[in-house]
Amino acid sequence: MLATLNTRPATTADIPFLARIEYEASLPPLNQCFWEELLQGTGTSALPFIAAKLKAAASNWGNVSDFLVLSEQDQPVAAAAGYVPNPDDYCPLRLSRLGAIADELHWSPATAAAFRDRYLELWGGDLRPDFLTPQAPWIIENVAVLPEARGRGLGKALLNALLQAGKSQQHSHAGIMVINGNDAARHTYESIGFKPYQTFYSHYFSDQVDMEFPGITKFGLRFSKMSH
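Heads up: the sequence shown begins at 1026 in our numbering, then just goes up one per residue.
If you want it as structure tokens, here you go:
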């Protein structure tokens, strides 16, 4: 099976696939995408929004050029992003690119303004939440394997390839974050060398979100400790 796998950098032609990957990555363990709540009233669901965000290079958590795609028998089945965090904004969206997203989605100025207000209500203006403060100079985000391809070790193969890319870029450490309760992801990350760095429990978020949120754990990996 391993002979059929290959990895490559993503291109703009991969945007529909990357949107699905980012959507799938956002679901566990709560089985919902956090963009859905923000998009209420816009007439737009999460997948086209994520695709528009990628087309507009509007993400702080990985744009097209940051993704590595894993294919099995020439069919993309998994992807993940590795990126240098924005030193000025740790939140998911580059609001300076909201106009480009709105143009892509044919939003009216009123719709774009309403979305912006909801986003700022949740994430703040110049907010730098402690739980999002990067724990490493290079961050991995949006890790997912398509549901029909899971259970065969593809996520681990993808992450090992992505980590080699990060190591080749001379980064000292990699960081990754997991929502508490996503045990499958946690076990995968720990199996390739990530160590727990810091946990933010549910009570930390109790005043920030309406829903019961289980919190997050940040992990780190030192590239010098990677096996060759």
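Glycine included, C-beta positions come from ideal geometry on N, C-alpha and C.
> To the nearest whole angstrom, what separates the beta carbons of residue 1214 and residue 1158, a pair I think is in contact under 8 Å?
Replying inline: With 8 Å as the limit, residue 1214 and residue 1158 do not qualify as a contact, their Cβ atoms being about 19 Å apart.
> Quick one: is residue 1166 buried, meaning 16 or more other Cβ sit within 10 Å of its Cβ, or exposed?
Replying inline: Its Cβ being crowded by 16 or more others within 10 Å, residue 1166 is buried.
>> Quick check: the stretch 1065-1074 against the stretch 1129-1147, are at least 3 beta-carbon pairs closer than 8 Å?
In response: Yes, the stretch 1129-1147 is in contact with the stretch 1065-1074.
> Roughly how far, in whole angstroms, is the beta-carbon of residue 1105 from the beta-carbon of residue 1043, given that I think they are within contact range, below 8 Å?
Replying inline: Going by Cβ atoms, the distance from residue 1105 to residue 1043 rounds to 10 Å, so no, they are not a contact pair.
>> Would residue 1218 and residue 1161 qualify as a contact pair, given that the criterion is a beta-carbon distance under 8 Å?
In response: The answer is no: Cβ separation not under 8 Å.
>> Looking only at its chain, what residues have a beta carbon closer than 7 Å to the beta carbon of residue 1047, apart from the 5 residues adjacent to it on each side?
In response: Correct list, in chain order: 1075, 1167.
> Do you know offhand how far residue 1198's Cα is from residue 1082's?
Replying inline: Approximately 25 Å between the Cα atoms of the pair.
>> Measuring straight from C-alpha to C-alpha, what distance separates residue 1079 and residue 1221?
In response: When rounded, the distance between both Cα atoms is 30 Å.
>> Which complete alpha helix (DSSP H) runs does the stretch 1160-1219 hold, if anything under 4 residues is left out?
In response: Taken in chain order, the complete alpha helix (DSSP H) segments of 4 residues or longer contained in the stretch 1160-1219 are 1179-1193, 1208-1216.
> From this set, 1084, 1225, 1033, 1089, which residue's C-alpha is nearest residue 1254's C-alpha?
Replying inline: Lying outside 1026 to 1253, the shown extent of the chain, residue 1254 is not represented and no answer is given.
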